[in-house]
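To start, the structure itself, in structure tokens.
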Amino acid sequence: MIQIKNLNVTLGNFIMKNINLKINTGEYFVLLGPTGCGKTVLLECLVGIRKPDSGEIWIDNENITHKYPEERHIGYLPQDFTLFPNMTVQENIEFGLKAQKKDKKYIQSVINMLAESLNLSQLLSRYTQGLSGGEKQRVALARALAIEPKSIFLDEPLNAIDENTRERLSYELRSIHDKFGTTFVHVSHNLEEISDVADRVGIMNFGTLEQVDTIQEILRHPVNQYVAEFTRTKNIFPGSSISTDDGCRVLVNNTIWFHTKSKLVGNVLAIIRPEEIHFNKRHLNPSELDKNVFSGKIVKITNKGNFIRLEIDIGILLTVCTMAYIMYADTGVQKEDTVSVYIPPDAVHLIKKI
Amino acid sequence: MNYSKIKQSVWITSFSAFVVIVLIAIGFLIITNVLFLGLSDFLYYAGESRTWVSFVTTLWTTTIATVLSMFIGVPVGYTLSRYKLPCSKLMKTLIDLPVMVPPVATGVFLLGVFKSVPLVNITQFLGIRIDHALPGVIVAQFTVTVSFCIRLVMASFDTISPRFEAVARSLGADLPYTFFKVSLPLAKNGLIASLIIVWARAVAEWGSLMLFVGGIQGRTDVMPFAVYLDFISGKIGSALTMSMLCILIAIGSMYAVYRVGGKTRVW
Amino acid sequence: MLYTGSEVKHVSGSKWFISILYAITVLFILYVCWLFLSNTGHTDIQSILQLVNRNWFWRSVKLSLVTSFITTIIAILIGIPAAYALSRFEIPGKTFIDIIFASVIVLPASSIGLCLIVAFQYEPVLKIQEALGFRIVHSLPSIVIAQLVHAIAFGIKAWRVAFDNVNPRFEQVARTLGSSRIRTFWKITLPQSKIGIIAGIILAWTRAMAEFGAVLLFSSTFRNRHISQFSDITRFLGLDRADILPISMLLEIECGNIEQGIAIAFVLLMITVLSVYTLNKIGGKGVLS
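Chains as they are written, first to last, in our numbering: chain Y, -2 to 351; chain E, 61 to 327; chain B, 2 to 290.
In structure tokens, the structure reads:
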């Protein structure tokens, strides 16, 4: 288990304040944040190439805050993997073991094991220049895994890799993680890139850790406006809420009442997940309008390739829905159609307005 | 050819003309010397023992000076590249000084150093002579080239990303192991190029020898010095031959730097 | 606050290894300090005062400054366009040119001096000089020619690095916006490479000031020549019977005036300290190496 306690780092104008984080053994943890938010700085503190001003870092009940990188028993994969260009793949992999003066038989057995399980047998005698992105990633992982680290830290490993291979490589990362069971800490700025690999995600703002949870929870219940905006939530409406029997009612734009199950009274932001909005082509009479059922007009249909996005004008607000193309075709709606929209009270999430 | 193409070629030609001017000037210097000397005279004087003695003296003194320079240059260059010294600008100025001060002044300073306490006592006690003797040649060559060497080595290490070292460290290699197994091999080409440049610079050193060592014919006159001595004593042929040899060494070593340097441009 | 991503440089580690690195560095710096400071014992205020009161000293300072400035200006006028051409255009035989220019830097000063003498005694060149009624060798203008060789070689190297550091894309963008080549050069390329160009100028000037060997051979000394050997304009400017500072120092020491020679050496040292400190301060990257 990795524990970060009250970590503070100052770097010129950049200040990272009071970071507290627990990462479980065997977990695939992702630090997510925009460029320049300090996630790499945090990773560098964990690896030991940057000194925090105060605070502690523990790995498995051992305080490693002031230890050199070579004493931490960790793996480090920087951007573009920095494979040693003057060594062959095999020499790269055995570098750590040789530095630790392990005996030859042991080194050979580790290499055989890694070469087989990471599919590197054909590459062992090659130099690293001509390797593809995926091969480089596997070699870098093999090199890190060779010393049986307690955890592996990856700094934007998929950054320099083109869109098409990225998905395959992130899948590969996850499968290697599952095979070896090592703790992975992965830094990224791209939500799509890590959404299928992460067990848990920590969202970073500039110098602070905003929310740590599973990706599903973060998408459904962002703790604040920053997280909601970073995860590109579409429907964020300012309003004021009053309490009801089973939750709240939010008045948005002085015209529309949303019912919700979350309990937060006062000036709030109402967040509605686009995927959970239902709509129907059947036109409803005003008398039929129930709780959270609205009548609206489709004003824009955007084809995003693998999904369709609709923007529906209910009263004054623009709502956004996303759906697969086949489902969209089934509904048979077109631009300018009038539809009825239902928003389940579960789908409305309230956060405090800053 | 359309109008803009003409403009383009006029633009390129007018700038390149300046390169050609410099090239012609250098070519003119060398070619007039070659014509003046002639091949037969060159071969005659190149076979003279005077030339050979001077050449051999140059060779071994500069080699020792270069090795000494590298022994200082590699650790200091690495330190400057990777760590931040306190008052780094002042420190760097001090380090750059010996190569930038007029070499003849460096020679005077060296002379002064070996005439003052404690070095004068040490050399007397050991019964050796540094100034006006062969060891002085090496000391002077070393002093003048070492700053140059530090700068070059620093530049070679600067091209190596510290990430390589960070990764090596994370794999359990300590700092010395990382330095010898990762940093040095990665900077290898740059270091070899630096070594050649430093050696060529040492071969060219003359100003600081002028007052510190003096030219004792057949003993301390390394080639640049022998060129001067032979010139003022009227042996133009011998002087020109050795001057030619110096030019050949300079061009040859720069060609070697080019071959070794590959991508890492040193000049 | 935005973290702008400074590169990790310092990874501390085993104390003894770092200590050795620092120790060697400090030792070397001490050696340099000691090299210069221990010489203060060989001179004193009195000889400095004596030196300052001598006529030829101020004429020498003036001569050094005038010649080195002229040298630097010529180096700038030829060197900057040449460096730009080398940095930007596909010149045939560029590798060859690079090697030749680099080898000038590591050419012995005595070779340069000798080459210059022979070149200017070459028949056709001699005839041109006779036709003009002027001999270059051992004349005052020859100082500039002797200084120019090293100064321009160092200058071109530095300016080339300066131009290489400007991304050509800026120039391409400026051109697409309708800016002419000359305007682009003045408004985009020069301002962006300003620091490197200034560093190159300082370097070329320092080199010109420091040039000794080539001047000694090519121009010889002037102090002991008769005043009638100097032209009216030289006398009017007060540049007659004077040598550039490094040669003045050599003459003083050879005459046995060690104290005054060392005083001149300190003058030269001060000039160098100033220019090298300026170079480090403005941070002309890659200029010194």
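Ideal Cβ positions, reconstructed from N, Cα and C, are used throughout, including at glycine.
Problem - Proximity of Y/P66 and E/R229 at Cβ, strictly below 9 angstroms - result: yes
Exercise for the section: Measure the C-alpha to C-alpha separation of Y/S22 and E/A233 and round it to an integer number of angstroms. Expected result: Checking the sequence shown, residue 22 of chain Y turns out to be Thr, not Ser. Rounded to the nearest angstrom, the two C-alpha atoms are 25 angstroms apart.
Problem - Against chain Y: residues of the segment 240 to 260 of chain E by CB proximity under 9 angstroms - result: Result list: K241, V242, P245, L246 and K248.
Exercise for the section: Give me the Cα-Cα distance between B/T73 and Y/I12, rounded to the nearest whole angstrom. Expected result: 47 angstroms
Practice task
Just mark B/T177 as buried or exposed, buried being the case when its beta carbon has 16 or more other beta carbons within 10 Å.
Solution key: Burial call: exposed.
Problem - Near-chain E residues of the segment 49 to 81 of chain Y (beta-carbon distance less than 9 angstroms), N- to C-terminal order - result: Of all residues in the segment 49 to 81 of chain Y, only Y65, P66, E67, E68, R69, H70, I71, G72, Y73, L74, P75, Q76, D77, F78, T79, L80 and F81 place a beta-carbon less than 9 angstroms from a beta-carbon of chain E.
Problem - Ordered list of beta strand (DSSP E) runs contained in the segment 179 to 223 of chain Y, each at least 3 residues - result: 180 to 185, 197 to 202 and 205 to 210
Problem - Within-9 angstroms CB hit, E/Y237 to chain Y - result: Any Cβ of chain Y closer than 9 angstroms to the Cβ of E/Y237 would place that residue at the interface, and such an atom is present.
Exercise for the section: Compare the C-beta of E/P162 with all C-beta atoms of chain B and state if any pair is closer than 9 angstroms. Expected result: yes
Practice task
Can you have a look at E/Y138 and say buried or exposed, based on whether 16 or more other CB atoms are within 10 angstroms of its CB?
Solution key: Per the 10 Å Cβ criterion, buried.
Practice task
Return no unless some Cβ of chain Y is closer than 9 angstroms to the Cβ of E/K323.
Solution key: Only weak support exists for where E/K323 lies, its pLDDT of 41 falling under 50; the value from the coordinates is given anyway. By this cut-off, E/K323 is not an interface position.
Exercise for the section: Could you tell me which residues DSSP pairs with Y/V265 in its beta bridges? Expected result: In the DSSP output, where bridge partners are listed per residue, Y/V265 has Y/G236 and Y/K349.
Exercise for the section: Verify whether the separation of the beta carbon atoms of B/S1 and B/S140 is less than 9 angstroms. Expected result: The first residue shown for chain B is 2 and the last is 290, placing residue 1 of chain B beyond what the model contains.
Exercise for the section: Check B/L217 in the structure and name its three-state DSSP category. Expected result: helix
Problem - Proximity winner among Y/I298, Y/I90 and Y/F276, relative to Y/S292 (alpha-carbon distances) - result: Y/F276
Exercise for the section: Put Y/M13 into one of helix, strand or coil per three-state DSSP. Expected result: strand
Practice task
Name the two residues that bound the continuous alpha helix (DSSP H) containing Y/H174.
Solution key: Looking at the DSSP string, the run of the alpha helix (DSSP H) that includes Y/H174 is E160 to F177.
Problem - Test: E/G232 CB closer than 9 angstroms to a CB of chain Y - result: yes
Practice task
Label Y/E145 either buried or exposed according to how many other C-beta atoms from any shown protein chain fall within 10 Å of its C-beta, with 16 as the threshold for buried.
Solution key: Looking at its Cβ environment, which holds fewer than 16 other Cβ atoms inside 10 Å, Y/E145 is exposed.
Problem - Which listed residue (B/G214, B/A209 and B/Q261) has its alpha carbon closest to that of B/L64 - result: B/A209
Exercise for the section: Taking E/I198 and E/T121 to be in contact with their CB atoms under 8 angstroms, please state how far apart those CB atoms are, rounded to whole angstroms. Expected result: 5 angstroms
Problem - Start and end residues, beta strand (DSSP E) containing B/Y123 - result: Premise fails: B/Y123 is in no beta strand (DSSP E) and is neither H nor E.
Handout entry: Sequence-distant residues of its chain with Cβ nearer than 7 angstroms to E/L255 (five each side left out)
Key = T126 and M130
Handout entry: Top-ranked residue by Cα proximity to Y/L166, from Y/L4, Y/D193, Y/M324 and Y/P341
Key = Y/D193
Handout entry: Sequence-distant residues of the same chain with beta carbon closer than 7 angstroms to E/E225, five excluded per side
Key = T238, V242 and S243
Handout entry: Proximity test, Cβ basis, 9 angstroms: B/D244 and chain E
Key = no
Problem - Every unbroken alpha helix (DSSP H) inside the segment 213 to 273 of chain E [4 residues or more] - result: 222 to 230, 235 to 238, 248 to 264 and 267 to 272
Practice task
Note down, in chain order, every chain E residue with its Cβ under 7 angstroms from the Cβ of Y/G35.
Solution key: Under the 7 angstroms cutoff, chain E gives no residues; its nearest Cβ is about 18 angstroms from Y/G35.
Handout entry: Buried or exposed (CB count within 10 angstroms, at least 16 for buried), B/V277
Key = buried
Exercise for the section: State the start and end residues of the unbroken beta strand (DSSP E) segment that holds Y/V249. Expected result: G244 to V249
Practice task
Give, in chain order, every unbroken run of the alpha helix (DSSP H) that is at least 4 residues long and sits entirely within the segment 113 to 179 of chain B.
Solution key: Within the segment 113 to 179 of chain B, complete alpha helix (DSSP H) segments of at least 4 residues are found at 124 to 133, 142 to 165 and 169 to 177, given in chain order.
Exercise for the section: Report the rounded CA-to-CA distance for Y/F227 versus Y/I173, giving the unit in angstroms. Expected result: 28 angstroms
Practice task
Using beta-carbon positions only, say whether Y/T125 and Y/N89 come within less than 9 angstroms of one another.
Solution key: Cβ atoms of Y/T125 and Y/N89: closer than 9 angstroms.
Exercise for the section: Have a look at Y/G9 and Y/D100 and give me their C-alpha separation to the nearest angstrom. Expected result: 45 angstroms
Practice task
Determine the chain Y residues that contact E/V227 at a beta-carbon separation under 7 angstroms, and present them in chain order.
Solution key: Against chain Y, the beta carbon of E/V227 has neighbours under 7 angstroms at Y73, P75 and T79, listed in chain order.
Exercise for the section: Would you please verify whether the beta carbon of E/R319 is less than 9 angstroms from any beta carbon of chain Y? Expected result: Not closer than 9 angstroms to any Cβ of chain Y, the Cβ of E/R319 fails to qualify, so no.
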